[in-house]
Every structure is written in structure tokens, then in C-alpha cells.
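Below you'll find the structure, written out as C-alpha cells, and then a few comments.
Protein chains in written order, with the numbering used here: chain A, 1 to 111; chain B, 1001 to 1113.
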């Protein structure tokens, strides 16, 4: 399994764009990059998944360079409610096998 | 659509006692997973059911942990006897049969004194 490295914590202010970068140097050809969000006292929640280039949904954007050795989760105009832990996972979330979580990035959004 | 539910939300027991955690997956989801996070550590996989069968139990820490999924619906995770190091948050997750994302429950916080 490809190991991921991401910052332990980040701070931001409301209305700013937040970019969280994840390194995954040993990503396999078949691996996707998936990001989960976890609020206090809740389980992780899927937010976005991609294979290459750029993926955007109503919550976030995911940027993946051509070599796929890293990825960046972009949260536009964060609010206080975006304070959470963000996990970068490498693999395929088909729902049919276990997920491997790293330590995640704790994002604190200040007013 | 109802999400994954877990019961209880919190449990405090003494070392040596038995505790049973319950998970109700999203209706129709054949895949059911148990994960846990002990204090200061990462979320770790425990086991995976496909319907009522154990697909992968490689993450179960020892034989004090017993998971069941009778009839392929809800699942229970029993810890007997509980030890101090079993304290943590136990998450259940589920997913349908064919390629999609995994949905997590809110977790059960277990404290062993």
C-alpha cells in the first residue's frame, strides 16, 4: 500500500481558500486518491476522489499532477464548519475492501 | 436514506468486563467494516464482512474480539474480557456490493477503566 504524507495541522481564516497537499511517492498505477473529512464525534466522510488532473465537486477540488506522486485538496472560501481532520488515502475506494488511514491534517478555521 | 448507526455512542466499563457494540449498516449494503482508533493512533481496520461471511479479519487484534453478522444485516463486536488498551473509538462502515464509496457511522467511544 502506498504511504501518504500530509501536514499534521493547518490554520486558516473564514473566507480563505485552503490547500492541503498530500505526498504519495509510491502510488501504484491502479490507485486512486481519495480524501475523507472527519468532524469531531463523527466518522470519516468521503469528500472527493480522483485519478489524474483535476476533479471538482460541490465540496472541493482535487488537483493531481501528471506524475501522481502528490495531490492537493482545495477547499474554496472555508467557513468555521470546515474545521475538521482531512485524510488523504491512496487506493481504490470501491467499497469492497478496507481503507488505510494515515494521521490526517487537522484544519482549524478561525473567524 | 438513513446512515450507518452504532450503539451505544459511549460505553464505560471496567477491565475484565464484557462489552458488545452494535452496528446497523445502511439497508442493502452487503459490505460491513469495523475500524477503531485508539488514543493518539490512526484509524485502523479490524475486519470486513460480505453479507454474513467474514471476508477479511486480519486486523482483529486478538481473540478477545469477536465479530458477528447474523443474517447479513446488523453486526456486533464483542470484547471479552476488555483490557485497558481496548479504549478508543470503534467505527462501523458499510458499502453496497458494487464499486462505490464507504459510509461510516458516528462511532462508539469505549473507555475501559
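Note that CB positions come from ideal geometry on N, CA and C, so glycine has one too.
Which residues of chain B have a Cβ atom closer than 9 Å to the Cβ of residue 68 of chain A, listed in chain order? Result: empty, since nearest Cβ-Cβ is about 20 Å, beyond 9 Å.
Using 9 Å as the limit for Cβ to Cβ distance, is residue 103 of chain A near chain B? yes
Between B/1055, B/1071, B/1068 and B/1046, which lies nearest to residue 1061 of chain B when the distance is taken from Cα to Cα? B/1046
Any heavy atom of the ligand FMN within a distance shorter than 8 Å of the CB on residue 87 of chain A? With respect to small molecules bound, the structure shown includes none, and the ligand FMN cannot be examined in it.
Which residues in chain A have a C-beta closer than 8 Å to the C-beta of residue 1106 of chain B? List them in chain order. 41, 42 and 43
Give a yes or no on whether the C-beta atoms belonging to residue 1090 of chain B and residue 1108 of chain B are separated by under 9 Å. yes
Check each candidate in B/1072, B/1012 and B/1083 and name the one with the smallest Cα separation from residue 1024 of chain B. B/1072
Apply the 10 Å Cβ neighbour rule to residue 1009 of chain B and answer buried if 16 or more other Cβ atoms are within range, or exposed otherwise. exposed
Starting from the C-beta of residue 1006 of chain B, find all residues in its chain whose C-beta is less than 8 Å away, skip the five residues before and the five after it, and write them out in chain order. 1021, 1022, 1023, 1024, 1090, 1091, 1092, 1105, 1106, 1107 and 1108
If we count the other Cβ atoms within 10 Å of its Cβ and call it buried at 16 or more, is residue 1069 of chain B buried or exposed? buried
Quick one: give me the first and last residue of the beta strand (DSSP E) that residue 1015 of chain B is part of. First-last for residue 1015 of chain B: undefined, no H or E at that position.
Does residue 60 of chain A have its Cβ less than 9 Å from a Cβ in chain B? no
Taking the alpha-carbon of residue 57 of chain A as reference, which of A/92, A/18 and A/48 has the nearest alpha-carbon? A/48
According to DSSP, is residue 1072 of chain B helix, strand or coil? helix
Measure the alpha-carbon distance for residue 1063 of chain B versus residue 42 of chain A and round it to whole angstroms. 28 Å
For the candidate residues A/111, A/68, A/54 and A/23, whose alpha-carbon lies nearest to that of residue 102 of chain A? A/23
Taking 8 Å as the threshold, find out whether the stretch 1044-1058 of chain B comes into contact with the stretch 76-83 of chain A through three or more Cβ pairs. no
Could I get the ranges of all uninterrupted beta strand (DSSP E) runs contained in the stretch 57-98 of chain A, with 3 residues as the minimum, in chain order? 61-64, 70-75 and 84-91
Could you check whether the Cβ of residue 100 of chain A sits closer than 9 Å to any Cβ belonging to chain B? yes
So residue 1006 of chain B is in the beta strand (DSSP E); what residue range does that whole segment cover? 1005-1007
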